[in-house]
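In what follows, a structure is listed as structure tokens, so that the remarks can point back to it.
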Amino acid sequence: MKDKSLKILLGIIAVNLTLQTIKELGLFPTAYAQSDVQKIAICDINGQACAEIWPQVVSGNRLMLQNQ
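Here the sequence shown stands for residues 1109 to 1176, where the numbers follow the working numbering.
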């Protein structure tokens, strides 16, 4: 039983060392989240009529669309 436990422990150590080496080599690029809020507008195909946000105290913000 000790031999099996030792093999498992050494396997875990080997995997961790391999992952650390890959991380240090930079094979996977680092992804950075956007820091600022991105504002968007939902408009019709011509960009003339856009949706508005109406704040509601009870249930958060609502998107108000009007048919023209």
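Note that the Cβ used here is the ideal one computed from N, Cα and C, for glycine as well.
Test item: CB-CB of residue i and residue j under 8 angstroms
i, j, result
"ALA1159", "ILE1153", "no"
Three-state class that DSSP yields for residue i in the structure shown
i, result
"ILE1148", "coil"
"ILE1179", "What the structure shows of the chain is the stretch from 1109 to 1176, and residue 1179 is not part of that stretch, so it cannot be assessed."
Bounding residues of the alpha helix (DSSP H) (the contiguous stretch that carries residue i)
i, result
"ALA1122", "1110-1133"
Close beta carbons around residue i, own chain, < 8 angstroms, minus the five adjacent residues each side
i, result
"ILE1130", "PHE1136"
"LEU1117", "none"
Cutoff 6 angstroms; reference residue i; Cβ partners in own chain excluding five residues on either side
i, result
"GLN1142", "none"
"ILE1120", "none"
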